[in-house]
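Counted the way my numbering counts, the sequence shown spans residues 909 to 1086.
Note that the Cβ used here is the ideal one computed from N, Cα and C, for glycine as well.
Some notes on the structure that comes next.
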Amino acid sequence: MVQYFDEIPSFLFPWIDKQKIFWVATAPLTADGLVNLSAEGMEGSFRVVNCNQSCGYAVPFFTYKAKRNRLLSSALPREKADVEAKKSVNAEASDAPPRPETGLKRQWFVRNAHSQDGLPGMLRGHDYFMGFSPPTDGLKSDDESEGHSIRVGDVTLVGAFLTGVLLTASYMRFIKTN
């Protein structure tokens, strides 16, 4: 039976802090809209907004292997552009932080202004600045060897499919000649 809480119980805080990944889902209030479900964040960036609108029954188990650095690697130069632009502008004299062409905030401002359904997107996130801390041991390339390997089952499936195609073609030729 599902248990509902008005707030997140304090005994769950340590468990939330230990999680390596969280899933975020968004959906419009209309039947013809799109649902988006994506893995989000990195350690230390998780925020639970509403504890009553989540279900974990269909979340698969996974094995944590290592931190992924691809997001940090691609975001770091963009964030540096934002930091440099912020240094060159008087923060009190401007309503919004600078958004250099190659900066992360500009990307957020342009790409997250509306959802795929045309609904208003992130309205204030690009005005806020809290930089991420790159790993102290530097950014290492992700080990993606497992994602690109061909498994025996894949080869067997392709072989079975091709055998089926050849047998069907041979049978069709045999039928036509008789």
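Here W931 has L945, S946, A947, E948 and V967 as same chain residues with Cβ atoms under 8 Å from its own Cβ, once five neighbours each way along the sequence are excluded. A buried status is given to L1012, since no fewer than 16 other beta-carbon atoms sit within 10 Å of its beta-carbon.
Per DSSP, the unbroken alpha helix (DSSP H) holding S982 starts and ends at R978 to K995. With fewer than 16 other beta carbons inside 10 angstroms of its own, W923 counts as exposed. With fewer than 16 other Cβ atoms from the protein chains shown falling within 10 Å of its own Cβ, A1077 counts as exposed. Beyond the five residues adjoining it in sequence on each side, Y972 comes within less than 6 Å, by CB distance, of K928 in the same chain, given in chain order. Distance between S1049 and R978, taken at the CA atoms: about 7 Å.
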